[in-house]
Ligand code: SF4
């Protein structure tokens, strides 16, 4: 099938991300010097605020999704991240495990993160909704309204250098727009009280179905990388 993999130049070795290969052999750049917070001792205040939100989510009954969930899906990675990836809502695997972006889509996201020169543990991964909509239906506006305050607080705690929004639904929810994803890509938006730079890209599940668009997704990640390195011209 001519499958090649996303690679990261610094690793000098192909990344198969637990056996998940992409069809895009993209040029991979070393991430811009980003001392970030990962190398620092954990910020105890940040962790305490993070745990407080996690607890509230676990006990949340604000919308009807609490009646059908198996687990709440709060976040994965670290709240001390420079990069935050935000998707739509948990699917079946996520609901069972209580972890966002697992399964094949999660493996592809891991490969994308690795291609950027990072590990999953070094970024923060979350969803707009913390509970699975039954049958993986689209989230309802009322559910987003109830749940987004948790995400805003998460972003406030993490204070990432960039947010990468994965997929049409998450982009529409966070940016309050109905614009097609093709018109949202390639721009730097702002999100939350601290005006965190936000870049829109495709959901990994979409990329699994449409591998030809992996090149565009890589372009999106490079835009986010330029934001982190201060070279985007608009951040
Ligand atoms: S989806 Fe969000 S608002 Fe609804 S019950 Fe779950 S945590 Fe609460």
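Residue numbers (this note's numbering): 33 to 267.
Think of the CB as a built atom: it goes at the ideal place given N, C-alpha and C, for glycine as much as any other residue.
The model shown is predicted, which means the values in this text are computed figures rather than measured ones.
- With contacts defined by Cβ atoms closer than 9 Å, residue 100 and residue 130 do not form a contacting pair.
- By the rule of a C-beta closer than 7 Å to any heavy atom of the ligand SF4, the residues picked out are 89, 92, 93, 94, 95, 97, 98, 101, 104, 161, 162, 163, 175, 178, 179 and 182.
- Under the DSSP assignment, residue 171 falls outside any alpha helix (DSSP H); it carries neither an H nor an E label.
- Boundaries around residue 138 are those of the alpha helix (DSSP H), 135-147, since no beta strand (DSSP E) includes it.
- According to the DSSP assignment, residue 238 belongs to the alpha helix (DSSP H) that extends over 236-241.
- If you ignore the 5 residues before and after residue 107, its C-beta comes within less than 7 Å of the C-beta of 132, 156, 157, 158 and 186, all in its own chain and listed in chain order.
- By the neighbour-count criterion, in which 16 or more other beta carbons inside 10 Å mark a residue as buried, residue 167 falls on the exposed side.
- In the three-state reduction of the DSSP assignment, residue 163 falls in the coil class.
- Here residue 92 carries a coil assignment [DSSP, helix/strand/coil].
- Here the region 204-212 makes no contact with the region 137-149; the two share fewer than three CB pairs at distances below 8 Å.
- Taking each of 179, 210 and 198 in turn and checking the Cα distance to residue 92, the smallest one comes out for 179.
- For residue 230, the uninterrupted beta strand (DSSP E) run begins and ends at 228-233, by DSSP.
- Beyond the five residues adjoining it in sequence on each side, residue 229 comes within less than 6 Å, by CB distance, of 194, 220, 259 and 267 in the same chain, given in chain order.
- Residue range 194-198 is occupied by the beta strand (DSSP E) that includes residue 197.
- In the DSSP assignment, residue 123 falls outside any beta strand (DSSP E), carrying neither H nor E.
- Beta-bridge analysis with DSSP links residue 221 to 230.
- By the criterion of at least three beta-carbon pairs nearer than 8 Å, the region 72-90 is not in contact with the region 120-128.
- Check the Cα spacing between residue 116 and each of 262, 263 and 253: the tightest is with 253.
- Beta-carbon to beta-carbon, residue 112 and residue 75 are separated by about 7 Å, close enough to satisfy the 8 Å threshold.
- Within its own chain, the residues whose Cβ lies closer than 7 Å to the Cβ of residue 223, once the five positions on either side in sequence are excluded, are 187, 195, 206 and 230, listed in chain order.
- In the three-state reduction of the DSSP assignment, residue 114 falls in the coil class, being assigned neither a helical nor a strand state.
- The continuous alpha helix (DSSP H) containing residue 254 extends over residues 246-260.
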